[in-house]
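Visitor:
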Amino acid sequence: MARKKFYITTSIAYVNALPHLGYALEIVQADVLARYHRILGEDVFFLTGTDEHGAKVVKAAEQAGKIPEDFTDMVSEKFRELTRIFNLSNDYFIRTTDREKHWSKVQGVWLKLLENGDIYKKKYKGLYCVGCEAFITKKDLIDGRCRIHLKEPEVVEEENYFFRLSKYSKNIEEILKKDKIKIIPASRKNEMLSFLKDGLEDISFSRPRKDLKWGIPVSDDETQTIYVWADALINYLSGAPGRWPADVQCIGKDIQKFHSLIWPGMLLSLGLALPKTIFVHGFITVAGQKMSKSLGNVVDPFELIKKYGTDAVRYFLLREIPPTEDGDFTQEKFEGRYNADLASGLGNLVARVITMAAKLEIKNSKTKITNKNLKSLINKTQKECYSFLDGFEFNEALMAIWEIISWCDKYIEKERPWVESKNQKEVIGNLLFAVGEIAKLLEPFLPKTSEKILEQLKTQKSQPLFPRI
RNA sequence: GCCGGCGUAGCUCAGUGGUAGAGCAAUGCCUUCAUAAGGCAGUGGUCGUCAGUUCGAAUCUGACCGUCGGCACCA
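Residue numbers (the working numbering): 4 to 472.
(1) To test your reading of the DSSP string, which unbroken alpha helix (DSSP H) runs of 4 or more residues are found completely within the region 199-262?
(2) Are the beta-carbon atoms belonging to A361 and Q252 less than 8 Å from one another?
(3) Is there contact here, the region 162-182 with the region 102-121, by at least three beta-carbon pairs under 8 Å?
(4) Mapping DSSP to helix, strand and coil, what is R83?
(5) Which class does R167 belong to by DSSP, given the choice of helix, strand or coil?
(6) Please name the residue, chosen from P278, A235, Y230, that lies closest to W247 on a Cα-to-Cα basis.
(7) List the endpoints of the continuous beta strand (DSSP E) containing I186.
(8) If distances are taken between C-alpha atoms only, which option among H56, L196, I187 comes closest to K517?
(9) Between which two residues does the alpha helix (DSSP H) harbouring D34 extend?
(10) Going by the CB atoms, is the gap between F332 and V302 shorter than 8 Å?
(11) Are the beta-carbon atoms belonging to V316 and P188 less than 8 Å from one another?
(12) What number of angstroms, rounded off, separates the C-alpha of Q459 from the C-alpha of A346?
(13) Pull up the CB-CB distance for C411 and L352, whole angstroms please, since I reckon it's below 8 Å.
(14) For G52 and R98, which I take to be in contact (beta-carbon distance under 8 Å), what is that distance rounded to the nearest angstrom?
(15) Going by DSSP, which residues form a beta bridge with R98?
(16) Using the Cα positions of H105 and F395, report the straight-line distance between them to the nearest angstrom.
(17) Within the chosen definition, does the region 75-90 reach the region 16-36 through at least 3 CB pairs nearer than 8 Å?
(18) Per DSSP, what are the beta-bridge partners of G1 in this structure?
(19) Going by DSSP, name the residue or residues bridged to D46.
(20) Among S14, K260, E29, S453, which has the Cα closest to the Cα of E204?
(21) Pick helix, strand or coil for T373, following the three-state DSSP scheme.
(22) Verify whether the separation of the beta carbon atoms of E55 and T100 is less than 8 Å.
(23) Closest by CA to G330, which one among N433, L50, V356, T288?
(24) Can you give me the C-alpha to C-alpha distance between R2 and E162, rounded to a whole angstrom?
So this is what it looks like as structure tokens:
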């Protein structure tokens, strides 16, 4: 029998700025799911990458004194490095500047949409701010003036290609209502449904080449550049040939609309299958405030990892940040979690068990579980853990695992296995077994730590997993 | 403005009609195998405010206050 396929994607990161902790959350969550489904024996493909076109990137490149080609190479490499330091198990890293893999696919999709009659040319009327050298939206206005340049914008008309999204509006509404694409959490689905009530409008799919050179040219019209949606979303096809449809697409709440409305519209037009689940995570605030350059409170994941280690940061993101809501980062919260859960909890338990086993020369390979309560707790926890992961509840899954740790600490206190007795070896045997099971359960979340624990069980040499801060 | 979420111990949150819960932090005691780690016990809350339904409300209803999010071409 063929193995069940599992295709999971993250959004592709926009390379106008360096990676921050919020993006790390998304790739770590996706990594846990990918690793979990590999454990289930499924044929997993895990895709991530970078989105590299558009005016903002050109601007950021200029500010950095670089040409877009070099700038995007540099920033994209930073994101690739992020995947490495987080120990990500992604199978591919797609870049939208990849002409061979991505451009050709995008242009092919464009032609298909055109063939289906879903792309047409239309005059686009927009508010253009001379100061910004770009179209701005009503949101950018204060008293009818651009909030940056305090000038009234001009109404400018230009010709764009449009995608007939309106045609699929009813269809998309049905799809979301019937959970043919399951949006998690439900509150995000409701947002989309309320949006769909009024029906969707057609959306522009291109910009004049003169305004946007850094992008993929429209297949049969050199005067136009393909706009972000028709470019970036295609990465899910170009980055993993033969893998579509995705089982899970991990995204942030800011780009929900594109994934829950525009993307399904495109797929319907193309006659492709729909993604099964869209998982929408929240944002990370810093001491209750939005992370932003202007506030100067952007948390650099590279520095965090350098200071605390990969798995400590993974643990914080998965345990402290609610999966689908905003969560808060502070140094105090981070170190609190670290000391309480990782150093005193997991790390300390592993150390005391291994030390006792080593002293008595009890080989892990010969241990078996004799305590019925422990046995049923482990079985129960494994089931819970898997079902929490099916529901994207990473924090709950970790809490369940930590119950075993707590049980073991109580068990040690009660049995006092450092005192010589006739069941001393049996007790330590049970503990060794439990620690091994904890390590196995932790693999999707803290892969390196899991490995270290299993290694220590073999060598019986205790080394601190998480030195106390 | 419209729509939706939330407001429970110092902090983070669980708890959808029947005598208020967990983890962290703080306190006391016990213990020493272990990363000054572990165990036990207590402390700690008029469950946002007001009104209503009910024998009985954190839990249902309404109003109000506070807070957060959504309301398409920035991704």
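For each residue, glycine too, the CB sits at the ideal point set by N, CA and C.
Guide: So, to answer that:
(1) 231-235, 238-241
(2) Cβ atoms of A361 and Q252: not closer than 8 Å.
(3) yes
(4) Three-state result, R83: helix.
(5) coil
(6) P278
(7) Secondary structure note for I186: its beta strand (DSSP E) is the uninterrupted segment 185-187.
(8) Because the chain is modelled from 4 through 472, residue 517 falls outside the range shown and cannot be assessed.
(9) Counting along the chain, the alpha helix (DSSP H) containing D34 begins and ends at 24-42.
(10) It is a contact, given that the beta carbons lie within the stated cut-off.
(11) Result no, Cβ atoms of V316 and P188 do not sit closer than 8 Å.
(12) 16 Å
(13) 6 Å
(14) 6 Å
(15) T53
(16) 30 Å
(17) Taking a contact to require three or more Cβ pairs closer than 8 Å, the region 75-90 and the region 16-36 qualify as touching.
(18) The structure shown does not extend to residue 1, since the chain is modelled only from 4 to 472, so the question has no answer here.
(19) Beta-bridge pairing links D46 to K8.
(20) When only C-alpha atoms are compared, the closest one is K260.
(21) coil
(22) yes
(23) T288
(24) Outside the shown range of the chain, which is 4 to 472, sits residue 2, and nothing can be said about it.
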